[in-house]
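Residues 5 to 340 (my numbering) make up the sequence shown, in order. These notes concern the structure reproduced below.
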Amino acid sequence: MAPLLEVRNLTVAFDTPSGTVHAVNDVSYILEEGETLGIVGESGSGKSVHALSMVGLIATPPGRIVSGQVIFNGRDLLTLSQRELFDLRGKEIGFVFQDPMTSLNPVLTIERQIAEPLRRHFGMSKSQARAQVIELLELVGIPDAARRARQYPHEFSGGMRQRVMIAIGISCNPKLLIADEATTALDVTVQAQILDLVRELKRKIGTTVIWITHDMGVVAGLADTVQVMYGGRIMERGPVRSVFHDPRSAYTWGLLKSLPHGGRRGINRLYQIPGNPPDLTKEPVGDPFAPRNPFATERCKLETPPLVDAADSTPGHRVAAWYDLRAELARMEAQA
Ligand SMILES: Nc1ncnc2c1ncn2[C@@H]1O[C@H](COP(=O)(O)OP(=O)(O)O)[C@@H](O)[C@H]1O
Ligand SMILES: [Mg+2]
């Protein structure tokens, strides 16, 4: 069976007064139906731009899709008209964004906002939509749904607003749900509740999910596959267990080292990857992480490594690296 989504060589740039920003560089991957893909990477690594450009949501100009194909359900989204994309968004591909306070309209009731895509895409009547809204609010764990539906966003807590955003995201039963930093603004407890909710929804309705976050910890508990991005490229990708236990990219290794281990005390001892993120206005040459990579070789600075199967690893575990991280770590261990 064909995959639900196949991204081929997606390259996206922004033409700005200070030069061309190479935001997404030659990104290719496959997403199977039912899969949960976690995309991680530091701020500015191209996670949001890659997702937004797939569905025609980057401003052009300054944005420009330089090349690529995005085959979703058999169609190349990059060839669709604005009208076709408008019909697709919210219906076949649902979204949940970071900040529900700015994404929700403060002057409209929750009911109006959840009903809007239902009425637009399915032509539901007001009362049909109302019944559906209440069902959706119950599904995302909002108690007293009939009464709550008539309230306004400011009457909801941050966590409850994020649940409303998820209700909107899944309202039309999309084939794919893309969540971008959907729990970033929430405190840890509420974040955990939202992640529980997403796991439960996956079980109930089985949507395919792309979950974008800068937080490796979030991906660990949610995703089947993790995809690590840096400098607009995929550095490593594979089954969560394999990538977390046996990373092959020095960047992934750095991200994992910066995770707090056990309890609050760990937070004080957070490891930070030394150095600065790449200057994306420079023509991308070589491995973007090379300047910060203690294991980088001459070749890393000159030639961009392709994303290939990691040697002796789980099927689907892929890495873009000229150096051999396993050998380097073993050497380090032997010296310690
Ligand atoms: N409208 C824009 N104009 C210029 N540069 C942009 C614009 N939007 C994003 N970028 C740049 O594209 C790069 C990737 O951004 P983004 O995808 O938002 O990163 P992430 O989501 O991983 O934090 C960043 O360097 C960002 O500054
Ligand atoms: Mg982002």
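Even glycine gets a Cβ: it sits at the ideal position worked out from N, Cα and C. Keep in mind that this is a model prediction, so the values were computed, not measured.
For residue i, name the three-state secondary structure that DSSP assigns.
{"i": "proline 243", "result": "strand"}
{"i": "arginine 154", "result": "coil"}
{"i": "aspartate 80", "result": "strand"}
{"i": "arginine 252", "result": "coil"}
{"i": "serine 131", "result": "helix"}
{"i": "tryptophan 326", "result": "coil"}
{"i": "methionine 260", "result": "What sits at residue 260 in the sequence shown is leucine, not methionine. The answer is helix: DSSP assigns leucine 260 an H, G or I state."}
{"i": "isoleucine 114", "result": "helix"}
{"i": "histidine 125", "result": "helix"}
{"i": "glutamate 10", "result": "strand"}
{"i": "alanine 334", "result": "helix"}
{"i": "threonine 3", "result": "As shown, the chain starts at 5 and ends at 340. That puts residue 3 outside it, with no answer to give."}
{"i": "valine 25", "result": "strand"}
{"i": "phenylalanine 293", "result": "coil"}
{"i": "alanine 4", "result": "Nothing can be reported for residue 4: it is not among the residues displayed for the chain, which extend from 5 to 340."}
{"i": "valine 59", "result": "coil"}
{"i": "aspartate 30", "result": "strand"}
{"i": "leucine 41", "result": "strand"}
{"i": "aspartate 19", "result": "strand"}
{"i": "glutamine 73", "result": "strand"}
{"i": "leucine 311", "result": "coil"}
{"i": "methionine 5", "result": "coil"}
{"i": "alanine 340", "result": "coil"}
{"i": "phenylalanine 99", "result": "strand"}
{"i": "glutamine 276", "result": "coil"}
{"i": "leucine 284", "result": "coil"}
For residue i, which residues of its own chain have a beta-carbon under 7 Å away from its beta-carbon, when the five flanking residues on both sides are left out?
{"i": "tyrosine 275", "result": "Lys261, Ser262"}
{"i": "methionine 164", "result": "Ile146"}
{"i": "threonine 40", "result": "Lys206, Val213, Trp215, Leu226, Ala227, Asp228"}
{"i": "isoleucine 69", "result": "Val16, Ser57, Leu82"}
{"i": "phenylalanine 299", "result": "Ala254, Tyr327, Leu329, Glu332"}
{"i": "phenylalanine 160", "result": "Val168"}
{"i": "glutamine 197", "result": "Gly163"}
{"i": "alanine 55", "result": "Ile182, Asp184, Ile214, Ile216"}
Any heavy atom of ligand 4 closer than 6 Å to the CB of residue i?
{"i": "valine 53", "result": "Looking for ligand 4 in the displayed structure turns up nothing; the ligands present are ligand 1 and ligand 2."}
Less than 6 Å between C-beta atoms, sequence neighbours within five positions excluded: which residues of the same chain meet that for residue i?
{"i": "threonine 24", "result": "Ala17"}
{"i": "proline 110", "result": "Pro157"}
{"i": "glutamate 37", "result": "Leu8, Thr212"}
{"i": "proline 121", "result": "Gly94, Ser175, Cys176"}
{"i": "leucine 259", "result": "Met220"}
{"i": "alanine 133", "result": "Ala119, Leu122, Arg123"}
{"i": "valine 244", "result": "Ala227, Val230"}
{"i": "glycine 266", "result": "Because glycine 266 carries a pLDDT of 46, less than 50, the predicted location of this residue cannot be relied on, and no value is offered for it."}
{"i": "arginine 303", "result": "Trp326"}
{"i": "aspartate 291", "result": "Cys304, Pro309"}
{"i": "alanine 367", "result": "Past the boundaries of the shown model lies residue 367; the chain is included only from 5 to 340, so the question cannot be answered."}
{"i": "phenylalanine 76", "result": "Leu9"}
{"i": "glycine 98", "result": "Gly173, Ile174, Pro178, Leu181"}
{"i": "proline 66", "result": "Phe18, Asp19, Thr20"}
{"i": "valine 100", "result": "Met169, Ile170, Gly173, Ala183, Ala186"}
Using 8 Å for Cβ pairs, my map puts residue i next to residue j. What's the rounded Cβ distance?
{"i": "alanine 27", "j": "valine 44", "result": "Going by Cβ atoms, the distance from alanine 27 to valine 44 rounds to 17 Å, so no, they are not a contact pair."}
{"i": "serine 175", "j": "leucine 140", "result": "6 Å"}
{"i": "glutamine 136", "j": "methionine 128", "result": "7 Å"}
{"i": "glycine 60", "j": "leucine 14", "result": "So it is not a contact: roughly 13 Å between Cβ atoms."}
{"i": "glutamate 185", "j": "glutamine 86", "result": "Going by Cβ atoms, the distance from glutamate 185 to glutamine 86 rounds to 26 Å, so no, they are not a contact pair."}
{"i": "histidine 218", "j": "serine 47", "result": "6 Å"}
{"i": "leucine 199", "j": "valine 223", "result": "Their Cβ separation, rounded to whole angstroms, is 10 Å, which puts leucine 199 and valine 223 out of contact at 8 Å."}
Which residues in the same chain as residue i place their Cβ atom closer than 8 Å to its Cβ, once the five residues preceding and following it in sequence are excluded?
{"i": "glutamine 155", "result": "Thr113, Ile114"}
{"i": "serine 253", "result": "Val232, Met239, Glu240, Phe293, Val323, Ala324, Ala325, Leu329"}
{"i": "glycine 78", "result": "Ala6"}
{"i": "serine 317", "result": "Gly242, Ser246, Asp250, Arg252"}
Applying the criterion that 16 or more other CB atoms from any shown protein chain within 10 Å of the CB defines a buried residue, is residue i buried or exposed?
{"i": "leucine 180", "result": "buried"}
{"i": "isoleucine 237", "result": "For clarity, residue 237 is arginine in the given sequence; the question names isoleucine instead. Under this definition arginine 237 is a buried residue."}
{"i": "alanine 315", "result": "exposed"}
{"i": "asparagine 29", "result": "buried"}
{"i": "isoleucine 209", "result": "exposed"}
{"i": "arginine 152", "result": "buried"}
{"i": "serine 22", "result": "exposed"}
{"i": "glycine 235", "result": "buried"}
{"i": "proline 282", "result": "buried"}
{"i": "asparagine 280", "result": "exposed"}
{"i": "valine 312", "result": "exposed"}
{"i": "lysine 51", "result": "buried"}
{"i": "glutamine 195", "result": "buried"}
{"i": "threonine 256", "result": "buried"}
{"i": "glutamine 166", "result": "buried"}
At 4 residues or longer, and completely inside the region 137 to 210: list those alpha helix (DSSP H) runs for me, N to C. 149 to 152, 162 to 174, 192 to 209
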